[in-house]
Amino acid sequence: MPEFEPDILTEGLDVVFCGLNYAASAVKDGYHFSHRNNRFWPVLHLAGFTDCRLQPADQRRLLDYGCGVTAVVQRPTSSASEVSPVEFRTARPQFESKIRRYEPRMIAFLGKRALACMLGTPDVPWGRFAPGFAGTPAWVLPNPSGANIGFSIEELVAAYRELRRELSSMTGAR
């Protein structure tokens with residue numbers, strides 16, 4: 001098994017997709033979004049972020065498409081529900097520092113929970129998050145986890161495609 005790489009990042013990416021924390025299965029497999037039910041890879045392709053459907057083992061190729069991956073909380077869990085609001089708030093300073101260091105054009109939170117907990121607010125809207133985060137424009141997307149049955153693949157693709165259109169309209173985006 002390959003060693004898990006917690007961050008797939010470089011400076012100046014178009015977008016960094018930010019999960020809540022790392023799935024224990026991803027750490028075990030050595031790749032982000034590796035669970036067979038996770039829809040991240042097909043959704044990225046269908047929404048136009050990649051010109052082919054990448055597999056988890058291709059995760060470093062995301063950088064070629066101007067995309068990166070990270071998570072707010074560094075502790076892997078079997079379920080994201082195991083991460084407490086206090087953990088998100090505690091992780092915020094280090095996470096903000098990471099975003100400021102890499103300076104992506106956009107940060108895309110996968111789900112509302114991490115951002116809402118870090119900000120101490122009960123809810124955040126889907127789509128563009130006008131205040132931004134860590135000096136970076138922000139977007140809130142539905143989580144592509146297979147456990148997130150509230151969103152069909154078509155709804156996920158539509159939400160991610162909206163972000164893709166926004167990025168395409170930004171000067172200098174790929």
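The numbers in the working numbering rise by one with no breaks, and the one at position 13 of the sequence shown is 13. Where is the CB? At the ideal position from N, CA and C, for every residue including glycine. Since we're looking at a predicted model, the values are computed, not measured.
Alpha-carbon spacing of residue i relative to residue j, whole angstroms
i    : j    : result
L115 : V124 : 8 Å
K176 : L20  : A query on residue 176 cannot be resolved here, the shown segment of the chain reaching from 1 to 174 and no further.
A47  : A80  : 25 Å
P6   : G146 : 21 Å
A158 : Y31  : 25 Å
L62  : T50  : 8 Å
T77  : R92  : 18 Å
Y102 : F4   : 20 Å
A180 : Q74  : Residue numbering for the chain in the displayed model covers 1 to 174; residue 180 lies beyond these limits and cannot be assessed.
T90  : V83  : 11 Å
S25  : R36  : 10 Å
A97  : V72  : Residue identity differs from the one stated: residue 97 is Ser in this sequence, not Ala. In a straight line, the C-alpha of S97 is about 11 Å away from that of V72.
T121 : D58  : 36 Å
I153 : H45  : 12 Å
I149 : R165 : 25 Å
DSSP-derived helix/strand/coil call for residue i
i    : result
C117 : helix
F40  : helix
A57  : helix
Cβ-Cβ separation, residue j to residue i (assumed contact under 8 Å), whole Å
i    : j    : result
F33  : P56  : 6 Å
L141 : L167 : L141 to L167, Cβ: 12 Å. No contact.
V43  : I107 : Contact flag wrong, Cβ pair sits at about 17 Å.
W41  : R53  : 6 Å
N38  : P137 : No, N38 and P137 are not in contact; Cβ-Cβ is about 25 Å, not under 8 Å.
Among the options, nearest to residue i - alpha-carbon criterion
i    : options               : result
P104 : R36, R92, D58 and V69 : V69
L13  : F40, Y65 and E87      : Y65
F129 : S152, L163 and G150   : L163
W126 : L156, G120 and S169   : L156
Q94  : K112, R113 and M118   : M118
T10  : A23, Y22, C67 and C18 : C67
P85  : W139, A23 and R113    : R113
CB contact check: residue i to chain B, cutoff 7 Å
i  : result
E3 : Reference to chain B is not applicable here, since this structure consists of a single protein chain.
What are the complete alpha helix (DSSP H) segments, minimum 4 residues, inside the segment 8-35?
-> 24-29
Identify every run of the beta strand (DSSP E) within the segment 125-160, keeping only runs that are complete inside it and at least 3 residues long; order them along the chain.
-> 127-133 and 136-141
Complete beta strand (DSSP E) runs within the segment 67-105 (minimum length 3 residues, chain order) | 67-77
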